[in-house]
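Here the structure comes first, spelled out in structure tokens, and everything after it is commentary.
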Amino acid sequence: MNTKIHRVGIIAAMQVEIEHLYDYFPISESINFDQKIFSICNLKELQIISVVSKVGQVNAAITATQLIEKFNPNYLIFLGVAGAVDPLLNIGNIIIGEKVLSAEYLHAYNAKVSWSFAKLPAHQYLADPLLLEAAKRIAATDGGTIKAGIIGSSDFFPVPDYMPSEYENIKISAIDMESVGFYQACHEYNKPAIVIRGISNNAFQVPAVKITKEDMLNTAKKTAKFVEKLVTTCPPSSR
């Protein structure tokens with residue numbers, strides 16, 4: 091009798107953001123595919139495929155596409171750190187991305203230009219409902235350091251010049267550089283997905299954004315632990 095293997099794809103932009111995941115999902119084997127190293131963890135009927143995309147929307151979209159094409163996961167998670175936009179967020183807090191907005195595409199949609207000659211990509215994406223529900227259940231037991239919120243996503247670091255005016259009527263929790271590219275690929279393949287971000291810095295810090303190695307490591311560790319709970323709470327067999 092053949093046992094059906096259920097798969098979860100997990101992506102991070104940097105190695106430091108994903109390495110603590112291996113504390114919970116130890117690597118069974120590694121596969122080189124299209125210049126990427128995909129780390130595989132085999133746990134009975136569950137297979138976790140993790141990979142580093144490198145920074146940016148294009149890299150996130152390419153890597154999500156590669157992972158889907160090669161492994162066909164039941165669902166995907168993007169994890170990593172982000173800058174806080176909400177001043178009430180502290181370093182080490184975790185944001186469950188219930189919605190992701192593209193700063194660039196939203197700016198284009200709001201520009202006084204007729205787009206009748208071209209169809210722009212979506213400027214917002216929603217987390218998969220079942221994954222979001224499971225993530226919120228975990229957050230409810232945490233004591234307030236994990237919250238669902240809206241993530242802005244842009245290729246500009248730390249924030250695009252036009253972000254405050256474009257988002258003034260939308261409460262943004264945090265901003266990153268990969269979530270929209272990740273979601274675009276998942277959307278094209280009709281794959282359930284969610285983004286989980288830990289806060290490593292204040293996106294509007296002056297005179298310059300400061301991210302310490304200690305804050306990065308501690309936040310990445312907390313985020314990996316949360317993702318482990320999420321995968322356990324919402325197994326791929328439910329998707």
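Numbering-wise (the working numbering), the sequence shown opens with residue 91 and increments by one. All residues carry an ideal CB built from backbone N, CA and C; glycine is no exception. What you are looking at is a predicted structure, and each value in this text was computed from that prediction instead of being measured.
Beta-bridge partners of residue i, as assigned by DSSP
i	result
Cys131	Ile138
Ser192	Ser243
Arg97	Gln137
Gln147	Paired residue(s): none; Gln147 is not in a bridge.
Ile265	Gly173 and Gly242
Gly187	Gly239 and Val285
Lys126	Phe123
Ala102	Val142
Bounding residues of the beta strand (DSSP E) (the contiguous stretch that carries residue i)
i	result
Asn292	Ala283 to Asn292
Phe168	Tyr165 to Ala174
Leu220	Segment Pro219 to Ala230 is the alpha helix (DSSP H) holding Leu220; no beta strand (DSSP E) there.
Leu216	Gln214 to Leu216
Unbroken alpha helix (DSSP H) run spanning residue i, endpoints
i	result
Leu320	Lys303 to Thr323
Asn36	Absent from the model: residue 36. The displayed extent of the chain is 91 to 329, so no value can be given.
Contact belief for residue i with residue j at Cβ below 8 Å, rounded distance in angstroms
i	j	result
Asn164	Arg227	Not really, about 19 Å apart at Cβ, beyond 8 Å.
Val317	Ile241	About 15 Å separates the two Cβ atoms, so there is no contact after all.
Ile184	Thr235	7 Å
Thr302	Leu169	The Cβ separation is near 20 Å, so there is no contact.
Ala225	Leu157	Between Leu157 and Ala225 the Cβ distance is about 20 Å, and since that is not below 8 Å, they are no contact.
Ile262	Asp176	7 Å
Ile95	Gln137	5 Å
Pro126	Ile186	For clarity, residue 126 is Lys in the given sequence; the question names Pro instead. So it is not a contact: roughly 26 Å between Cβ atoms.
Cys115	Ile121	Per the sequence presented here, residue 115 reads as Phe, with Cys not at that position. In fact, because the Cβ distance is near 15 Å, the residues do not count as touching under 8 Å.
Short CB-CB distance (under 8 Å) between residue i and chain B
i	result
Asn180	The structure shown contains no chain B; it holds only a single protein chain.
Distance CB(residue i)-CB(residue j) smaller than 8 Å
i	j	result
Leu166	Gly239	no
Ile139	Ile289	no
Met306	Val141	no
Glu107	Ala293	no
Leu221	Cys324	yes
Phe272	Ala151	yes
Ile284	Ala230	no
Ala174	Ala264	yes
Lys134	Ala103	no
Glu268	Gln147	yes
Lys300	Asn308	no
Any non-hydrogen atom of the ligand GTP closer than 7 Å to residue i Cβ
i	result
Ala217	No copy of the ligand GTP appears in this structure; indeed no ligand is present at all.
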